[in-house]
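Colleague: Sending over a structure as structure tokens; questions will come in a sec.
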Amino acid sequence: MSLIDSPLRALAWLWVKRYVRRQFPNAPRLTTDELAMWLASDRPTPLLIDVRKTDEYHTSHLPGARHLPTLAAIQQAPIPSKATVILYCSVGYRSARLVQQLQAAGYQSVFNLEGSIFEWYNRGYPVVSSQATAPPIHPYNRLWGLLLKD
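Per our numbering, the sequence shown runs over residues 106 to 255.
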């Protein structure tokens, strides 16, 4: 059993999600299950943007995700004006902050992936890697890594 197993991990996730919602109340969010259903449907594919650091992105990321870690990088990227953009990071804090910055810059259809890549991975959804021998998910740091399933 890991240090944080089911009941404790569930409580930790509840706290993390509430904290992110309180810090960024205007950041629209999408759950990992909603995104998985969207990607499996006939709907146009949203633009997935990974806002983590380069080493985190190269360790693993969502299939098809682009690495644009800052507001400036996103603004310089050719993003269609009508595109739906979904940002994610490790647990949703950095991406929620960037969603609110994008809203302030005039972007209309931007969402934060609630729980981000940690919850995506924990639920068994696919990730891809740029490195042959990388661990499945970069833990960001030791504390946040406790939110990942073994």
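Where is the CB? At the ideal position from N, CA and C, for every residue including glycine.
Since the model is a prediction, treat every value here as computed from it, not as a measurement.
Rounding to the nearest angstrom, what Cα-Cα distance links residue 140 and residue 152 in this structure?
Modeller: Within the sequence shown, numbered from 1, the residue matching residue 140 stands at position 35. Within the sequence shown, numbered from 1, the residue matching residue 152 stands at position 47. Straight-line Cα distance between these residues: approximately 11 Å.
Colleague: What are the partner residues of residue 216, as DSSP defines its beta bridges?
Modeller: Along the sequence shown, one-based indexing puts residue 216 at 111. Answer is 191, bridged to residue 216.
Colleague: With 16 other CB atoms within 10 Å as the buried threshold, where does residue 229 fall?
Modeller: In the sequence shown, counting from the first residue as 1, residue 229 sits at position 124. Exposed: under 16 other Cβ atoms inside 10 Å.
Colleague: Taking the alpha carbon of residue 190 as the point to measure from, which residue in 155, 161, 164, 162 has its own alpha carbon closest?
Modeller: Numbered from its first residue, the sequence shown carries residue 190 at position 85. Comparing Cα positions, the closest option is 155.
Colleague: Could you name the residues of the same chain whose beta carbon sits closer than 8 Å to that of residue 199, not counting the 5 residues immediately before and after it, in chain order?
Modeller: Locating residue 199 in the sequence shown gives position 94, counting from the first residue. Same-chain partners within the cutoff: 156, 157.
Colleague: Under 8 Å, with one C-beta from each stretch per pair, do the region 170–186 and the region 141–148 reach the 3-pair mark?
Modeller: The region 170–186 is not in contact with the region 141–148.
Colleague: Around the Cβ of residue 169, are there at least 16 other Cβ atoms within 10 angstroms (buried) or fewer (exposed)?
Modeller: The residue you call residue 169 lines up with position 64 of the sequence shown. Exposed, because fewer than 16 other Cβ atoms sit within 10 Å of the Cβ of residue 169.
Colleague: State whether the region 111–125 contacts the region 196–213, with contact taken as three or more CB pairs (one from each stretch) at a distance under 8 Å.
Modeller: Yes, the region 111–125 is in contact with the region 196–213.
Colleague: Kindly list the residues whose CB is nearer than 8 Å to the CB of residue 219, restricted to its own chain and excluding five residues on each side of it in sequence; keep chain order.
Modeller: To locate residue 219, count along the sequence shown from 1; it is residue 114. Here the set comprises 122, 125, 134, 135, 136, 137, 197.
Colleague: Buried or exposed: which applies to residue 221, given that a residue is buried once 16 or more other Cβ atoms fall within 10 Å of its Cβ?
Modeller: The sequence position of residue 221 within the sequence shown is 116, counting from 1. Buried: at least 16 other Cβ atoms inside 10 Å.
Colleague: What residue from 150, 250, 209, 253 has the CA that sits closest to residue 185's CA?
Modeller: Your numbering for residue 185 matches position 80 in the sequence shown. It is 150.
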